[in-house]
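In full-length UniProt numbering, the protein residues as written are 1 to 301. To keep things clear, I will list the structure first and then write my remarks on it.
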């Protein structure tokens, strides 16, 4: 099962982490809408690889926790890497040192985390979202209740760092803002549903235009404009759950992983069906806002 994907910020190099304990790396070559993925490296670990991230220069590997690391974020502006674990800790690492430079105790296990300097957000098992200002990384700037009723599965920061989007295990997404003055722009919406069947939101990722992609356990992904509060496009359903999806740095390629996500239980697992990663050539008309965005405030906290 492919659990996480990460693109290099400097090239079309794609990395995946998976439950088979391996990190795999490809160089993606593109000609128009056609792709050729060339395998470059493979690393075996002692346990499942739940998260992956590139440093700002496209290199470097660090970090350790006493419990599994659930999320990782490379923050180039702060010259550090942040990791959140199921051991209820958030740790910061200098990329030149194997020792954590700071640690924050959380009240719940980290279920999801993301960063867009100076904003870092951590969604925890106690249904909270903890907000950090990376200029004062050891202090929680504020904590707020998630606007989702059920467990948070994924979280992603707005490009202007004024808020974040979250997705739950029960097919629902929420748009939330950091500052109270922007709360009028908060909203939530249903997604990844098929009749009475409700599937988890597996990942939310923002495009350079400020729009976003949402992937789900129903095997579909869609593009959304949060400012206009409208769906831009839904793509054809795949024959497996989509466990994650990420845009490359330029936003012209969307990579997504097809794999069984266990939301239907062990009895539905088909061992003969392989996990695969697909690449979608992103057309500007699919992902661009239909009207000029006008909400939120840049780096407002």
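The beta carbon of each residue, even a glycine, is placed where N, CA and C say it ideally should be. These figures come from a predicted structure and were not determined experimentally.
Do the CB positions of residue 249 and residue 204 come within less than 7 Å of each other? no
Starting from the C-beta of residue 106, find all residues in its chain whose C-beta is less than 8 Å away, skip the five residues before and the five after it, and write them out in chain order. 84, 88, 89, 90, 122, 124 and 130
How would you call residue 374, buried or exposed, if buried means at least 16 neighbouring beta carbons within 10 angstroms? Nothing in the structure corresponds to residue 374, since the chain is present only between 1 and 301.
Whole-angstrom C-beta distance between residue 282 and residue 252, which should lie under 8 Å: 5 Å
Could you name the residues of the same chain whose beta carbon sits closer than 8 Å to that of residue 192, not counting the 5 residues immediately before and after it, in chain order? 171, 198, 199, 200, 201, 214, 216, 217, 218 and 220
Distance between residue 4 and residue 101 (C-alpha atoms, nearest Å): 26 Å
Outcome for residue 223 when other beta-carbon atoms lying within 10 angstroms are tallied against a minimum of 16: buried
Which term fits residue 274, buried or exposed, when burial requires 16 or more other beta carbons within 10 angstroms of its beta carbon? exposed
Round the Cβ separation of residue 137 and residue 78 to the nearest angstrom and send it over; I've been treating them as touching at under 8 Å. 7 Å
How long is the line joining the alpha carbons of residue 141 and residue 111, rounded to whole angstroms? 19 Å
What does DSSP give as the partner residues of residue 302 in its beta bridges? Outside the shown range of the chain (1 to 301) lies residue 302, about which nothing can therefore be said.
Straight-line CA distance for residue 302 to residue 279? Nothing in the structure corresponds to residue 302, since the chain is present only between 1 and 301.
Classify residue 43: buried if its beta carbon has 16 or more other beta carbons within 10 angstroms, exposed otherwise. exposed
Taking DSSP's pairing of strands, which residues face residue 80 in a bridge? 75 and 94
Could you check where the beta strand (DSSP E) with residue 285 kicks off and where it finishes? It is not in any beta strand (DSSP E) - residue 285 instead sits in the alpha helix (DSSP H) that spans 284 to 287.
What residue range is occupied by the uninterrupted beta strand (DSSP E) comprising residue 143? 140 to 145
Out of 118, 196, 104 and 163, which one is the CA nearest neighbour of residue 139? 104
Name the DSSP bridge partner or partners of residue 116? 119
Any idea which residues DSSP pairs residue 280 with across the strands? 254
Within the same chain, show all residues whose beta-carbon is closer than 7 Å to that of residue 239, passing over the 5 residues directly before and after it, in chain order. 219
Beta-carbon proximity check, residue 305 vs residue 72, cutoff 7 Å: Since the first and last residues shown for the chain are 1 and 301, residue 305 lies out of range.
Determine the DSSP secondary structure at residue 185, reduced to helix, strand or coil. helix
If you follow the beta strand (DSSP E) that residue 133 is part of, which residue opens it and which one closes it? 128 to 133
My parser needs the alpha helix (DSSP H) runs of 4 or more residues fully inside the region 169 to 257; what are they? none
Please report the distance separating the alpha-carbon of residue 285 from that of residue 178. 30 Å
If you run the structure through DSSP and keep just helix, strand and coil, what is residue 101? strand
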